[in-house]
Each structure stands twice: as structure tokens, then as C-alpha cells.
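I have placed the structure first, in the form of C-alpha cells, so that the comments after it can refer back to it.
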Amino acid sequence: MTRGTPDPELLAEIDNLRLRLAEAEETLAAIRSGEVDALVMAGDHGEKIQILGEGDLIYRQFIETLSEGTVTLSKNGDILSCNAALAKTLHRPLVQILGTAMRDHLSPEDHEAFGAVLAQAGTESRRLKIHLKTAEGFLVPVYLSATQLRSATPELVLCLVLTDLEEVISAETTLRESEHRYRELLELAPVGIAVYSEGKIVFTNPAGARLLGASSESLLVGKPIADFIHPDGLEAAQSRMRRMMAGETGLYPAEDVFLKLDGTPINVELISAPLHYKGIPAVQTIITDITRRKRDEAERERLMRAIEQAGEIVIITDPDGTIQYVNPAFENVTGYSRQEAIGGNPRMLKSGEQDQAFYNGLWQIISSGKTWRGTMVNRRKDGKNYTEDATITPVSDAGGRIVSYVGVNRDISAQRLLEDRLRQAQKMETVGQLAGGVAHDFNNMLQVIITYAEMSLAKVDPEQPLHKYLMEIRRAAQRSAEITGQLLAFARKQTVSPKILDLNLALASAQKMIQRLIGEDIDLVSQPGRELWKVKIDPAQLDQVLANLAVNARDAIGGVGKLTIGTEKVSFDKEFCATNPGFLPGEYLLLAVSDNGGGMDRETLSHLFEPFFTTKAPGKGTGLGLATVYGIVKQNNGFINVYSEPGEGSTFKVYLPRAEGEGADKGMEVEGAAPRGGTETVLVVEDEAAILELARESLEHLGYTVLVAKSPEEAIRRSQEQAGPIQLLITDVVMPQMNGRHLAERLTSVRPRLKCLYMSGYTADVIAHRGVLDEGVRFISKPFSLRVLAGKVREVLDG
Amino acid sequence: MKTEAKGDPAMVSTTNSDVQWTLRLYVAGQTPKSLTAFDNLKSLCEDRLKGHYSIEVIDLLKNPRLAKDDQILAIPTLVRRLPLPVRRIIGDLSNIERVLVGLDLREKH
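The listed protein sequences correspond, in order, to chains E and L. With the working numbering, letter number 700 in the first sequence gets 1305, and the count goes up by one each step, no holes. With the working numbering, letter number 66 in the second sequence gets 741, and the count goes up by one each step, no holes.
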């Protein structure tokens, strides 16, 4: 069947319609089933989108969860809506906010500004800082941002965002406070703090300005830092800074020398670090002026050196007495090294010479805060003792507590030794003086005894018992005279006639005497030295020395043994004497007498030369022998040393100075036979009657014609009265009105051929003062025996 | 309800890997369904069309006039511009099956 074919256009139209219908149905269905939440609507000015239902949920949630407050205002400034944050800030419930005027929630001060914002036209956002007013009336600073809204209603609406500024402000405040504190720190810091960048100072604190000698910081800012560094250290400083900037560590603290503004150098300590100053790399340095510290260090260094080099011992201990420090002098004197001493106690030096009470007393004084001064004997490491003068001082801190003890001690052992020697010498001197005084008077009396005894002997028949008695008397008197002679010799007040001798010759001629003294059991060995110099000594004195030493040796050997006598020439220089006490510099003849006897201990040696000191049994020895030797040696400007050890024998070394001038006399008197008399006329002058009488009788006994005078005046008168010759004048040296010498001169001026013989028992000093005792002067010392007198008189008359 | 376009020349699906898809999603700002639709679309494309798709989001809130292009009435609406034929799906695209069918994606590629 054919109907009319439908119109293709129509068909297309139908299809289209169907399509569109389907779409519309689809859309409707979607809408109804809730699958869409917005529609495109036709609006006055074109399409408009209408959001359905919950379409703005997300926006709303944004607003509510914002911590910033949001407000929507009407044109008049009334609150249309706000979020939870605002309500919280205002401390009000929503109901108290919605519908109210915004300005009611602002600080009154901000009303005007807010009003301006409200009135402002245009869509640009407006910003303002204001204070919200809470329900309690507190003001909260906020930052307000307002935007004009296009809304559905013709009313313009403002949207505000309020940002709480409290935190910001508080952060700002904190920051400001922090900055303030930092600045204060810089201002008040006692050390200099400077910042420099690109070689110039950009900042310095007041302390830094002061340190560099500037009255204000501004004087320094802008100046190159190099200006303030001492040229000698500039290169090193710059290199150090470069290394620090490159990241090297361990460079600081560093010491350097800076120059103040006026050029004065100061010692400084630096600590530098890099930093950024206003964006530019810079260096911050802490500068401390250590000039004082350096000076103190140098001072301390100097003091330390003084202590280290001092000759005195310095010991420092802690309050318990433990040694903390000793100086080199300590090490030298005590023999303990520093290591041995530190940590130890001074009691290591105890010698046992002081008792515990001594140390207790010492401790009591110093622990009470006082200084102890005294002398004590300590022991060296090698066991030898030494004496020291000690000053021990406690050192206290500011609170008065003792923190250490300081001992400064001087080794006075050598000093002590010298003192002892001096004392010894003085002792000898005193005894000597005593002896001298006694001896003089004694002498005169002895003189009397001897002479009368001799005269009596001459008148008595040898067979008679009386003769023997008289002999004894004479012997005793003579012996006594010898003793006084020895005493005087020791007292160095004996008048002597020194002669130039050759020691070897003297020794040879004394050999017999010595051998006789020591006996047969002892060998005498002679060791004469070669080419000896001469000595100047009274031969009698030399004899005495030899005799006494020989006897001493004999007694020390006590049986069979050997005695060696040697001579030698020696000389000592100053250095030798400095290191060997007991020697004096110069040229000497050494006379050494050695025995192999029992030797002597230290105790004996210390008393050896004392008069009346003897180790022999009572009655055996006078104790004057060695004292005499000592006196003689001293009188002749020599010295004597003894070397002896128990069991090792002894050696006496006598040093006699070399004689000036030449010529050796034999000078040894030989005991003659019977005294020869004479017939000459002799004038005797003596102020002591007994002696005068004695002399007269003695001389008359010898056959002489004797004239006597009690005084020089009388002597002169006698001489004038005497018509005939007077051959000899015998006069005392020391007399009240005129000394013997002058008298002699007076008389010899009248009687040119008058010879003189002086006599005296007086001290050598006194006589020397009075001008007698020249070489070769005829002298006879009292007491003298008849024999001696006779001999001397004859000698003088014959000479 | 599925819509089939009659008279459409390209009714046969040409869903093979070489074809570039161009998809347009019409949204209205940040409405929940707009967001959901975008999310679902993205997942789907990554899943099925990785490497050969491009999504264009058109926010009609910002520019309502653009609704005219594809004659959008309700939001969200997804429009497949390429490959032809143009297809349209209204809704938040949560019903995956419906979306696949509507875009002619199904299971086979």
C-alpha cells in the first residue's frame, strides 16, 4: 500500500523533538532524583546559576571553621550574619550579635574610622586596624578587611574579615623585648663587641669604644679595622680572619695587639665569628683587654724566676704540711729532687737534733697564723746534717683561713763553721791574755828562785845533802820557767827574735833532739823537700814546734811505730782557698809531721789546740804542748791543719810563710859549758828591787863590777858619777819614766863604747811599741838562768 | 534511563586506545555534587582512558553564559565532546555502570 511519503523535513523535526524531549525528560529525572544541585536559570541579564539545597555547604563550613572572624553587614552597618570565631572573640552568643550595629562592638576610638570604611564607595577592599570590644569591655586588637558584596538584594553588603592581632602583637612585643634585651646586653657588656664588614667597623658597643680609646661609638664606625691592629700582627690577623670565614675552627680565642685611637698598644683577646649584618657577610668579634692580665703574668713570671734563682731555700706546703713546691736551691742543699719532695712532708729532713717539743712549738706558732723564725739542724738526703736559719710564714685567704705555709730558709752551715772557728780563736785569745798576764808576774818570781838557787848551789859542797835539795829547787824552777815560756808562746806574747832559716838545715840539727824525745821504738824518717824557700822564725820556736809534735806523736803511737817529718814548698791561689777552708793564699813552707799512731776522732780534733786539753791521764802531760805549737804558728803568720782518722794515724801540717829577704843564720844557740864571767863594769837598771838585787848578786858572782840603778835618772847619775869606764848597760825595757832604749841612747851619747843588753818579761806588743825588738838587738827575757845571763852578758861584751 | 541518539552517524563505539577523548564537566563552584562529579570523572578516566583524555571543567557560577554551548540545564553535567557522537550524562557520576554505558565504555576497550 502506498500512502503519501512523509516529508523528510518533518521527519527530521520529529526526530529532533524526540531528542529534545528525551533530554528534557532526562534532566527532569535527574533533578527529581536529586542528582544535581544547581540549575541554569534565565535571569534578567542572561543565565543565572541557582544553587539548590545543600549546594553551599562547603562554603559555609569554611566560614564557620575560620579562626578569623567574618561578618556580613548591611549598607547601614548592621550585622546580617557572622561566624563562630567572631562570637568567640566578642564573648557573646550569636543572638546578641545578629541584627546589632557593628559599631557597637568596636572601641569608641575606632567609630570614626569605621564609619569612613562603611561610607567608602567602590569595590576595592578596605583595610583598617581597630579594637573590638568584648562583652566584658576588653579591647581586642584586630585587623579589619572589608569588601563590598554584590548581592541579590539591592542592598549593598559588606564582608569583613577580622584577624586577631593579639598573637601578632604579642609576637611583635616578644620580638621587640628580645631585641631590647639584646641591645641592653651589648650596651652593658663589659667586653668590647664589634662588627665589621668589608674591612670597616659597622658597629661597636660602648665597652668596645672605651677599649679602643674612643669617647663614643660613632667615632669608630666606618673606620677600617686594620687601623686598630698593630702592624706587626696585621698580616696574621687577616689570615686568621680569612681562615675563620672559610670555616676553620679552633682559631679562637686568639691573642693580639691592638692600637687605641691614640695609638697606644693594648694586649687583647679575641673571639670572632661570622654573621650577617643587614644582609651582608660580616664578622662579630668579642674583644677583651688583657693588658693588665699580661702584665700580671709577666710580674708573676718575674717573681717566679726570682724564687727559682734565689740562693735561699723556698718551700711551699698546703695547710697539712704537704709540700707543693720547692725551688732549685732546695734541691741543691738537701739533695732531694723536686719530684721526691713534692707530695712529701718537710719531716723528711728531720735530723734528730731537735726534739719533738721543738717541732710541736713550731707547728703551734704557724698554725695560729704567726711567723716562726729560728734555727734548726736538718738532714740531707745523703745523711749529712746542715744548719739553717728558717722563716716559716702562714698564708691566709681573705677569710682568714690558712691556705699554705711558705718557708724561706738559709743554709748557714758554712756560717756556723766560721762562727765556731771564730769562737775558738777568741777562746784561745782570752786564755792567751790570761796566761800572758799571769806569766809575767810569775816570771819575775821564778827569776828570783832560779838565781838564788844557783848562787846557793855555788856556795854549797856537792857532797852535802843540801846540794841535792838545791838542785831540785833549781830544776823545779827551771821547769816552771819552761812552762811559763810555753804559756807565753801560746799567748803569743813572748818576745822572740825571728831569724831567716832553712827548714831542712834546722830539721837536720834538731834530728838528735827529736830522736831522743821519741825514743828507740819509733822510727824517725826524714823527707826533706827540694829547693826550699827560707822561713823567718825564731829557732827556739821552731824547736818547740818540732818537740811538741814529736812528743804528741810518740804518745799517740804508744809503742812501736814510725814518725815521718817532711818539708816542701807550696803555694795556694785564691781559688784553692775559696774552696778549701782553712787555707790562706800565698807561698808557704810546709812542715809535715805524720805518725802511724791511734789517730783522733772528731771530738778530740775539735779541742786539739786548746790549752789544758789533754787526752792523757792526769799528771801525764800539761795539755799545753799543742796549744804552744798553735800559738807559735799563728804568731809567725802561718796556719796549721790536722788530718786524722781513728785508727789511721795523724798528720800535722804546719804552713809557714816564705821569708822575704835572704840569708840563713845558723842561729842556734849552743849550750856552753860553765858560765864564763868577766871583770868589766856593768850598770844594771831595773825598777823592781828584788830583780835588781838578784842581778847584782848574780853578776858579782860572775866577777863583774856591778853598778845598780832603780830608775833611768838614777842610772844617768850613776853614769856621770862613774869616773871609770862602764862596758855594759843591762836595763829593763819598760820602766816608768823612760824606756830602756832611750836610756841607752842617752848614755851611749856620753859613753860611745857602752854596750847594751835589754831584759824584760813584758809583752812583745808593749816592747815593740816602745821601739825595742829590732833585729839583732841584744835581749834577754825574764826569767833567765844564771847560765843564760852569763852567756848573754859575755856575748854582748865580746860581740 | 539511557538515551540513544537516533540518526547519529557514529553509533558504533570506537573505543580503542588510540582515540583522544575530550570531556567537559560543567560545575557550579564548589557545590558538593560538583566536587563529587569531578572526583569520579577523574578516577574513571585514569582507570579507563589513561593517557588519552582531557578534562575541561567549566564553572558556570563564574560564567553562566557558557551553559549555552552545550545547552546545559542542570549541574553537574558531563559532556563527551570527542570522540563523536557527543554524549551527555547529568549527575554526580556516582553510578559507574550508567556512566560507562552512557559514555559507551563498558568493559571492552
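Note that beta-carbon positions come from the ideal geometry of N, C-alpha and C, so glycine has one too. Computed from a predicted model, the values in this text were never measured in an experiment.
Report the option in the options whose CA atom is closest to the CA atom of residue i.
i: Thr593 (chain E); options: E:Glu936, E:Val938, E:Glu945 and E:Ala911; result: Residue 593 (chain E) falls outside the range modelled here, since chain E spans only 606 to 1404, and no answer is possible.
i: Pro951 (chain E); options: E:Arg786, E:Ala934 and E:Arg984; result: E:Arg984
i: Ile947 (chain E); options: E:Ala1058, E:Ile834 and E:Ile920; result: E:Ile920
i: Gly957 (chain E); options: E:Gly988, E:Gly1308, E:Pro933 and E:Gln1132; result: E:Gly988
i: Val1318 (chain E); options: E:Gln914, E:Val1290 and E:Ile619; result: The sequence shown places Glu at residue 1318 (chain E), rather than the Val named in the question. Considering only alpha carbons, the answer is E:Val1290.
i: Met1050 (chain E); options: E:Ala859, E:Leu1299, E:Ala1197 and E:Arg786; result: E:Leu1299
i: Asp734 (chain L); options: L:Ala703, L:Val754 and L:Gly766; result: L:Ala703
i: Ser729 (chain L); options: L:Val754, L:Gln705 and L:Asn738; result: L:Val754
i: Pro707 (chain L); options: E:Arg625, E:Leu615 and E:Gln666; result: E:Gln666
i: Thr922 (chain E); options: E:Ile1007, E:Leu1288 and E:Pro933; result: E:Ile1007
i: His727 (chain L); options: L:Ile764, L:Leu736 and L:Val694; result: L:Val694
i: Arg637 (chain E); options: E:Gly674, E:Leu657 and E:Gly868; result: E:Leu657
i: Thr675 (chain E); options: E:Leu691, E:Arg1301, E:Gly682 and E:Asn932; result: E:Leu691
i: Ser730 (chain E); options: E:Glu741, E:Ala740, E:Gly742 and E:Tyr748; result: E:Tyr748
i: Val832 (chain E); options: E:Asn810, E:Leu864 and E:Ala812; result: In the sequence on display, residue 832 (chain E) carries Asp and not Val. Checked all of E:Asn810, E:Leu864 and E:Ala812; the closest Cα to Asp832 (chain E) is E:Leu864.
i: Ala1264 (chain E); options: E:Leu1210, E:Gly1283, E:Leu1108 and E:Cys1182; result: E:Leu1108
i: Arg1281 (chain E); options: E:Val1234, E:Val1398 and E:Ala1294; result: E:Val1398
i: Leu1213 (chain E); options: E:Gly1203, E:Tyr1193, E:Asp1200 and E:Tyr1235; result: E:Tyr1235
i: Leu1092 (chain E); options: E:Thr1056, E:Gln1149 and E:Glu1136; result: E:Gln1149
i: Leu1348 (chain E); options: E:Arg1028, E:Leu711, E:Arg1322 and E:Gly704; result: E:Arg1322
i: Ser712 (chain E); options: E:Asp1002, E:Ser942, E:Val745 and E:Asn688; result: E:Val745
i: Phe713 (chain L); options: L:Gly766, L:Leu778, L:Leu741 and L:Glu772; result: L:Gly766
i: Ala1152 (chain E); options: E:Val1140, E:Leu1168, E:Gly1012 and E:Tyr964; result: E:Leu1168
i: Asp925 (chain E); options: E:Met1060, E:Pro1262, E:Arg1080 and E:Trp968; result: E:Trp968
i: Met1076 (chain E); options: E:Tyr1057, E:Gly1090, E:Glu1087 and E:Thr1089; result: E:Tyr1057
i: Ala819 (chain E); options: E:Thr869, E:Leu954, E:Ser1249 and E:Ala617; result: E:Thr869
My assumption, with CB atoms under 8 Å, is that residue i sits in contact with residue j. Please give the rounded CB distance.
i: Val982 (chain E); j: Thr992 (chain E); result: 5 Å
i: Ile735 (chain E); j: Ala718 (chain E); result: 7 Å
i: Tyr857 (chain E); j: Ile876 (chain E); result: 5 Å
i: Gln753 (chain E); j: Leu763 (chain E); result: 6 Å
i: Ala749 (chain L); j: Ala629 (chain E); result: In fact, because the Cβ distance is near 11 Å, the residues do not count as touching under 8 Å.
i: Asp1066 (chain E); j: Lys1104 (chain E); result: Incorrect: roughly 42 Å between the Cβ atoms, too far for contact.
i: Thr1172 (chain E); j: Leu1195 (chain E); result: 7 Å
i: Leu816 (chain E); j: Ile892 (chain E); result: 6 Å
i: Val1338 (chain E); j: Tyr1363 (chain E); result: 5 Å
i: Lys1221 (chain E); j: Asp1160 (chain E); result: 7 Å
Residues in its own chain within less than 7 Å of residue i by CB, not counting five upstream and five downstream?
i: Val1355 (chain E); result: Ser1324
i: Val774 (chain L); result: Leu719, Ile764 and Leu768
i: Leu1402 (chain E); result: Gly1283, Glu1285, Gln1332, Leu1333 and Lys1360
i: Val1311 (chain E); result: Val1287, Val1289, Arg1301, Leu1304 and Glu1305
Name the chain E residues that come within less than 8 Å of residue i, Cβ to Cβ?
i: Leu700 (chain L); result: Neighbours of Leu700 (chain L) on chain E: none; closest Cβ ~13 Å, over 8 Å.
i: Arg755 (chain L); result: In chain order: nothing, as chain E lies at least about 15 Å away.
Chain E partners of residue i, CB-CB under 7 Å?
i: Gln705 (chain L); result: Ile663 and Tyr664
i: Asp767 (chain L); result: Glu640
i: Leu735 (chain L); result: Val645 and Ile654
Beta-carbon within less than 6 Å of residue i's beta-carbon, same chain only, minus the 5 sequence neighbours each way: which residues are those?
i: Ala903 (chain E); result: none
i: Ile1245 (chain E); result: Val1238 and Val1259
i: Glu614 (chain E); result: none
i: Asp1370 (chain E); result: Summary for Asp1370 (chain E): the model assigns pLDDT 44, below 50, so the residue's position carries little reliability; its value from the coordinates is reported in the next sentence. No residues qualify anywhere along the chain.
i: Pro1133 (chain E); result: Asn1109 and Thr1172
i: Tyr941 (chain E); result: Lys986
Excluding five sequence neighbours on each side, which residues of the same chain lie with their C-beta closer than 8 Å to the C-beta of residue i?
i: Val1156 (chain E); result: Leu1122, Ile1123 and Gly1230
i: His717 (chain L); result: The sequence given here has Lys at residue 717 (chain L), not His. Counting only Cβ-Cβ distances below 8 Å, and skipping sequence neighbours, we find Ile730.
How would you list, in chain order, the residues of chain L whose beta-carbon sits under 8 Å from the beta-carbon of residue i?
i: Thr632 (chain E); result: Leu748, Ala749 and Ile765
i: Gly651 (chain E); result: Pro739 and Arg740
i: Ile636 (chain E); result: Ala749
Note down, in chain order, every chain L residue with its Cβ under 7 Å from the Cβ of residue i.
i: Glu659 (chain E); result: Pro707
i: Ala643 (chain E); result: Ala703, Thr706 and Ile750
Which whole runs of the beta strand (DSSP E) in the segment 875-932 of chain E are 3 residues long or more, in chain order? 885-894, 918-922 and 928-931
Runs of alpha helix (DSSP H) lying entirely within the segment 1033-1102 of chain E, each at least 4 residues, in chain order: 1070-1095
Hey, which unbroken runs of the beta strand (DSSP E) at 3 residues or more fall wholly within the segment 1245-1333 of chain E? 1255-1262, 1286-1290 and 1310-1314
Could I get the ranges of all uninterrupted alpha helix (DSSP H) runs contained in the segment 704-743 of chain E, with 4 residues as the minimum, in chain order? 716-724
Quick one: complete alpha helix (DSSP H) runs, 4+ long, within the segment 624-704 of chain E? Here the runs fully enclosed are 662-670 and 689-695.
Go through the segment 770-817 of chain E residue by residue and report every complete run of the beta strand (DSSP E) that reaches 3 residues or more, in order. 797-802 and 805-809
My parser needs the beta strand (DSSP E) runs of 3 or more residues fully inside the segment 996-1034 of chain E; what are they? 1007-1016
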